[in-house]
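Numbering (this note's numbering), first residue to last: 234 to 401. Where is the CB? At the ideal position from N, CA and C, for every residue including glycine. Some notes on the structure that comes next.
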C-alpha cells in the first residue's frame, strides 16, 4: 500500500511540475503563427483572402521597384549637370527628354503560379516578367522566383527571395 501511495504521489508531483514549466523556454524559436500559415492549405476562403493580400503586397513591391529605377535614372542624369554656375536648364530638360526616349518604359510584372504554406511562412512561386521598350521593339525576359511571405503585426511582409535556378 505504501508503494502504491508513493507511486501515485510521484505521478501527481510530476504532473504538477509539468504544468508549472514554461513550454516556451523548453522550445525557443517555436513559431506560434505556424497554424495560421498551414490554415491556407485547408480553408479555401482563407486561401483566397491571403492570396488577395499577397497580391496587394506584390503590387506595392512592383511599384517601389519601378520607382527606384526612375530615381536611379534621374540620379545619373543629374550627375552630368552638377555645376550650378554653368548649368543650362534648357539643356538639362533636353537631356532628360532624350534619356527617357532612349530608355523607353520599364516593365515589371509578377504572376502568382503556386502558393505553398509551410510552418515558417507561405512560399509563393511567381513568374517575373520584366523588360523595356526601345524603338518600338520590346525586349523582355522572364524569371521564376520564390518569395517567402511572413505575417508581422497584421500585415504580410516579404522575408526571402530565391531564384529557382539557385534552389535546384
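query: Reduced DSSP category for residue 276 - H, G, I as helix; E, B as strand; rest coil; result: coil
query: Beta-carbon proximity of residue 358 to residue 342, cut-off 8 Å; result: no
query: Neighbourhood of residue 376 by C-beta, 6 Å cutoff - its chain only, sequence neighbours within 5 removed; result: 361
query: N- and C-terminal bounds of the alpha helix (DSSP H) containing residue 236; result: 235 to 253
query: Buried versus exposed, by CB contacts within 10 Å (16 or more), residue 382; result: buried
query: Residue 346 (DSSP reduced to helix, strand or coil); result: strand
query: For residue 374: DSSP bridge partner residues; result: 363
query: Whether residue 238 touches residue 284 by CB criterion (8 Å); result: no
query: Cβ-Cβ distance between residue 387 and residue 374 below 8 Å; result: no
query: Beta carbon of residue 355 nearer than 8 Å to that of residue 290; result: no
query: Continuous beta strand (DSSP E) stretch holding residue 396: start and end; result: 388 to 396
query: Beta-ladder partner(s) of residue 355, from DSSP; result: 350, 382
query: Test item: CB-CB of residue 271 and residue 350 under 8 Å; result: yes
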